[in-house]
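Participant: Residue numbers (the working numbering): 67 to 162.
Ideal Cβ positions, reconstructed from N, Cα and C, are used throughout, including at glycine.
#1: Which two residues bound the contiguous beta strand (DSSP E) that contains residue 112?
#2: Report the rounded CA-to-CA distance for residue 130 versus residue 144, giving the unit in angstroms.
#3: For residue 98, which residues from the same chain have a beta carbon less than 7 Å from its beta carbon, with the 5 sequence-adjacent residues on both sides left out?
#4: According to the neighbour-count rule (16 or more other Cβ atoms, all chains shown, within 10 Å of its Cβ), is residue 118 buried or exposed?
#5: Among residues of its own chain, excluding the 5 on either side of residue 123, which ones have a beta-carbon nearer than 8 Å to its beta-carbon?
#6: What's the gap between the Cα of residue 102 and the Cα of residue 120?
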């Protein structure tokens, strides 16, 4: 019974921790990796190649804007088949 209580307490603590993290606007490296779902090594590669928006306020430690990460993660949308069909029809009509 104690194990169940410990497990329940840990689950609640994890939920609270996640809620606190989600309210932050500026993330450190570990938080950014967790937020994006990327491995730390891959996130580091992206920052090294300047492919992901980040900041170095003191020259060493990386910081990330949560809003900019969200915008970056939603870049390069993949069009749906209906969107492609609509654009194709419009192109045919416009160039007839």
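Facilitator: Reading from the atomic positions:
#1: Position 46 of the chain shown, counted from the first residue, corresponds to residue 112. From DSSP, residue 112 is part of no beta strand (DSSP E) but of the alpha helix (DSSP H) over 106-114.
#2: Taking the chain shown and counting its residues from 1, the one referred to as residue 130 is at position 64. Taking the chain shown and counting its residues from 1, the one referred to as residue 144 is at position 78. The alpha-carbon atoms of residue 130 and residue 144 are separated by roughly 25 Å.
#3: Counted from its first residue, the chain shown places residue 98 at position 32. Same-chain partners within the cutoff: 109, 130 and 135.
#4: Translated into positions along the chain shown, residue 118 becomes position 52. So residue 118 ends up on the buried side.
#5: For the purposes of this step, residue 123 is identified with residue 57 of the chain shown, where counting begins at 1. So the list reads 129, once near-sequence residues are dropped.
#6: One-based indexing of the chain shown puts residue 102 at position 36. One-based indexing of the chain shown puts residue 120 at position 54. Spanning the two alpha carbons is a distance of roughly 13 Å.
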